[in-house]
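Heads up, the first sequence is in numbering that gives the first Met the number 0, so the first residue is 0 and it goes up one at a time.
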Amino acid sequence: MPELPEVETIVRDLQRLVTGATMKDATVLRPDLIEGEAGSLEAELPAARIDSIDRRAKNIIVSLSKSRRGADHLVINLGMTGRVLVLAGSDADPPHTGVIIGLKDGRKIVYQDVRRFGRLELLSAGEWRARSDSLGYEPLSDEFTAEALHELAKKSKVAVKVWLMDQKRVVGVGNIYASEAMFRAGIDPRKSAERLTKAEAKRLQASVREVLLEAINFRGTTLMDYRDAAGEKGEFSRRLRVYDREGEPCVTCGKKVERVVQGGRSTFFCPSCQK
DNA sequence: AACGCGCCCTGTCCGC
DNA sequence: TGCGGACAGGGCGCGT
Numbered sequence: 000m001p002e003l004p005e006v007e008t009i010v011r012d013l014q015r016l017v018t019g020a021t022m023k024d025a026t027v028l029r030p031d032l033i034e035g036e037a038g039s040l041e042a043e044l045p046a047a048r049i050d051s052i053d054r055r056a057k058n059i060i061v062s063l064s065k066s067r068r069g070a071d072h073l074v075i076n077l078g079m080t081g082r083v084l085v086l087a088g089s090d091a092d093p094p095h096t097g098v099i100i101g102l103k104d105g106r107k108i109v110y111q112d113v114r115r116f117g118r119l120e121l122l123s124a125g126e127w128r129a130r131s132d133s134l135g136y137e138p139l140s141d142e143f144t145a146e147a148l149h150e151l152a153k154k155s156k157v158a159v160k161v162w163l164m165d166q167k168r169v170v171g172v173g174n175i176y177a178s179e180a181m182f183r184a185g186i187d188p189r190k191s192a193e194r195l196t197k198a199e200a201k202r203l204q205a206s207v208r209e210v211l212l213e214a215i216n217f218r219g220t221t222l223m224d225y226r227d228a229a230g231e232k233g234e235f236s237r238r239l240r241v242y243d244r245e246g247e248p249c250v251t252c253g254k255k256v257e258r259v260v261q262g263g264r265s266t267f268f269c270p271s272c273q274k
């Protein structure tokens with residue numbers, strides 16, 4: 000479900016809502032959501048203060064201090080259907096609640112996940128740094144230049160849309176925004192990454208940044224499950240130009256949007272506008 | 001070693 | 001109405 004714009008929206012919500020809060024207790028209802036020991040997570044979180052909240056790739060990074068053993072980062076990956084909700088302590092826990100973190104101020108942070116593809120993990124600063132180092136370019140950072148994208152792309156024969164979704168290369172772009180970025184760049188998603196021209200690399204780099212920034216401004220895309228930390232839907236869905244629009248007219252040329260399967264995932268594109 | 005595929009899991013939708 | 005199959009914002013581990 001969540002790609003960079005959705006995770007970024009949740010992170011900004013959490014920054015505003017729970018920075019500086021102290022955890023009181025943690026309850027794990029679905030142990031399979033925890034990477035490592037659920038019991039140790041329940042033991043480590045109480046009394047931890049939330050110092051800051053950040054995003055890296057599609058991960059939410061909650062930086063903690065005063066945790067008993069010095070495990071510094073709670074790393075949350077939402078998988079397909081994960082949600083992080085800040086609720087009043089008296090609110091009922093929603094269906095498929097997996098983890099409840101009570102705060103000393105009476106509120107609670109609830110992790111909810113229907114399909115349970117998401118993961119919560121407690122990592123030391125060093126462990127987190129190593130993990131972060133293994134991930135690719137942040138597309139909204141200054142390091143993500145057209146030249147960098149072009150050089151990386153030259154090394155791979157994979158179809159460029161599939162290439163774009165690999166988190167070891169460029170992070171944060173999932174199935175929706177990959178199709179959208181390819182459309183905006185006017186590039187056939189089936190084209191091999193190594194065959195991208197310099198001009199195409201430049202257009203793709205600009206399109207990735209542009210679509211992600213626009214989607215953040217609309218608080219992400221809700222197709223079915225995505226919600227922000229207050230439980231609200233994202234509004235970018237109506238702005239999608241090709242995703243989930245098979246058979247509908249291309250917004251640019253009017254020809255029918257097509258769907259193909261790449262790497263087991265649907266790709267949507269306009270065969271006339273994308274060469 | 002890069003790459004492609006199956007799998008994790010629950011819910012929804014569509015065709016018969 | 002019911003039922004089976006396909007599919008859904010991600011990512012890991014496997015075999016080649």
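Glycine residues also receive a C-beta, built at the ideal position from the N, C-alpha and C atoms.
What separation, rounded to the nearest whole angstrom, lies between the Cα atoms of R226 and I100?
The count along the first sequence starts at 1 and reaches residue 226 at position 227. The count along the first sequence starts at 1 and reaches residue 100 at position 101. Taking the straight line from one Cα to the other gives about 18 Å.
Using only alpha-carbon positions, find the residue among A180, G185, Y176, S133 that is nearest to K167.
Here residue 167 is taken as the residue at index 168 of the first sequence, counted from 1. The candidate whose alpha carbon is nearest that of K167 is S133.
Expressed to the nearest angstrom, what Euclidean distance is found between the alpha-carbon atoms of D90 and E231?
Along the first sequence, read from residue 1 onward, the residue named residue 90 stands at position 91. Along the first sequence, read from residue 1 onward, the residue named residue 231 stands at position 232. Each residue's alpha carbon lies about 16 Å from the other.
Is it the case that the Cβ atoms of M22 and P45 are separated by a distance below 8 Å?
Here the question's residue 22 lines up with position 23 in the first sequence. Here the question's residue 45 lines up with position 46 in the first sequence. Against a cut-off of 8 Å, the Cβ pair of P45 and M22 comes out as a contact.
From which residue to which residue does the beta strand (DSSP E) around L121 run?
By 1-based counting over the first sequence, the position of residue 121 is 122. First-last of the beta strand (DSSP E) with L121: 118–122.
Taking the straight line between their C-alpha atoms, what separation do you get for E213 and D53?
On the first sequence, position 214 is the one that residue 213 refers to. On the first sequence, position 54 is the one that residue 53 refers to. If I take the Cα positions, the gap works out to 20 Å.
Can you confirm whether the stretch 21–35 touches the stretch 239–249 when touching is taken to mean that 3 or more C-beta pairs between the two stretches lie within less than 8 Å?
No: the two stretches stay apart, fewer than three of their Cβ pairs being nearer than 8 Å.
For a test of the three-state rule: what should DSSP assign to M164, helix, strand or coil?
Your numbering for residue 164 matches position 165 in the first sequence. In this structure, M164 counts as coil in the three-state DSSP scheme.
Assuming the contact rule is C-beta atoms closer than 8 Å, A228 and V83 should be a hit. Round their C-beta distance to whole Å, please.
For this step, residue 228 is matched to residue 229 along the first sequence. For this step, residue 83 is matched to residue 84 along the first sequence. 6 Å between Cβ atoms; contact.
Should S206 go down as buried or exposed, given a rule of 16 or more other Cβ atoms within 10 Å for buried?
Translated into positions along the first sequence, residue 206 becomes position 207. It is buried - the Cβ of S206 has at least 16 other Cβ atoms within 10 Å.
By the DSSP assignment, the alpha helix (DSSP H) with K274 in it spans what residues?
Within the first sequence, the letter at position 275 stands for residue 274. First-last for K274: undefined, no H or E at that position.
Closer than 7 Å by C-beta to T9: which residues in its own chain qualify, once you throw out the five before and the five after it? Chain order, please.
The residue labelled residue 9 in the question sits at position 10 within the first sequence. In the sequence under discussion, the amino acid at residue 9 is Ile, which differs from the Thr named in the question. For I9, where only same-chain residues beyond five positions count, the Cβ hits under 7 Å are I59, V83, D227, A228.
Helix, strand or coil, according to DSSP, for S140 in the structure here?
Walking along the first sequence from the start, residue 140 turns up at place 141. Coil, per DSSP.
Output the distance between the C-alpha atoms of E41 and V170, rounded to the nearest integer angstrom.
Sequence index remark: in the first sequence, residue 41 carries index 42 (1-based). Sequence index remark: in the first sequence, residue 170 carries index 171 (1-based). Cα to Cα, E41 sits roughly 30 Å from V170.
Can you say whether C249 is buried or exposed, counting buried as having 16 or more other CB atoms within 10 angstroms of its CB?
Reading the first sequence from its first residue, position 250 is the one you call residue 249. It is buried - the Cβ of C249 has at least 16 other Cβ atoms within 10 Å.
Can you list, in chain order, the residues of its chain whose CB lies under 6 Å from that of V259, leaving out five sequence neighbours each side?
On the first sequence, position 260 is the one that residue 259 refers to. Cβ neighbours of V259 beyond the five flanking positions: T266.
Tell me the DSSP bridge mates of P30?
Taking the first residue of the first sequence as 1, we reach residue 30 at position 31. According to DSSP, which records beta bridges pairwise, P30 is partnered with nothing at all.
Applying the 10 Å Cβ sphere with the 16-neighbour rule, what's the burial state of L179?
The count along the first sequence starts at 1 and reaches residue 179 at position 180. In the sequence on display, residue 179 carries Glu and not Leu. Label assigned to E179: buried.
Just to confirm, are G219 and E5 a CB contact at a threshold of 8 Å?
Reading the first sequence from its first residue, position 220 is the one you call residue 219. Reading the first sequence from its first residue, position 6 is the one you call residue 5. Contact: yes.
Determine the DSSP secondary structure at G78, reduced to helix, strand or coil.
Taking the first residue of the first sequence as position 1, residue 78 is located at position 79. Correct three-state label for G78: coil.
From the DSSP secondary-structure annotation, give me the bridge partner or partners of T21.
Locating residue 21 in the first sequence gives position 22, where the first residue counts as 1. Its beta-bridge partners are R48.
According to the neighbour-count rule (16 or more other Cβ atoms, all chains shown, within 10 Å of its Cβ), is P188 buried or exposed?
For the purposes of this step, residue 188 is taken as the residue at position 189 of the first sequence. With 16 or more other Cβ atoms within 10 Å, it is buried.
Closest to L119 by C-alpha separation, out of P94, L77, A184, would be which residue?
On the first sequence, residue 119 is found 120 positions in, with the first residue counted as 1. Ranking the options by Cα distance to L119, first place goes to L77.
Short check: CB of L139 to CB of R208, under 8 Å?
Locating residue 139 in the first sequence gives position 140, where the first residue counts as 1. Locating residue 208 in the first sequence gives position 209, where the first residue counts as 1. A contact, by the Cβ cut-off of 8 Å.
CA-CA distance, F182 and D50?
Here the question's residue 182 lines up with position 183 in the first sequence. Here the question's residue 50 lines up with position 51 in the first sequence. Taking the straight line from one Cα to the other gives about 40 Å.
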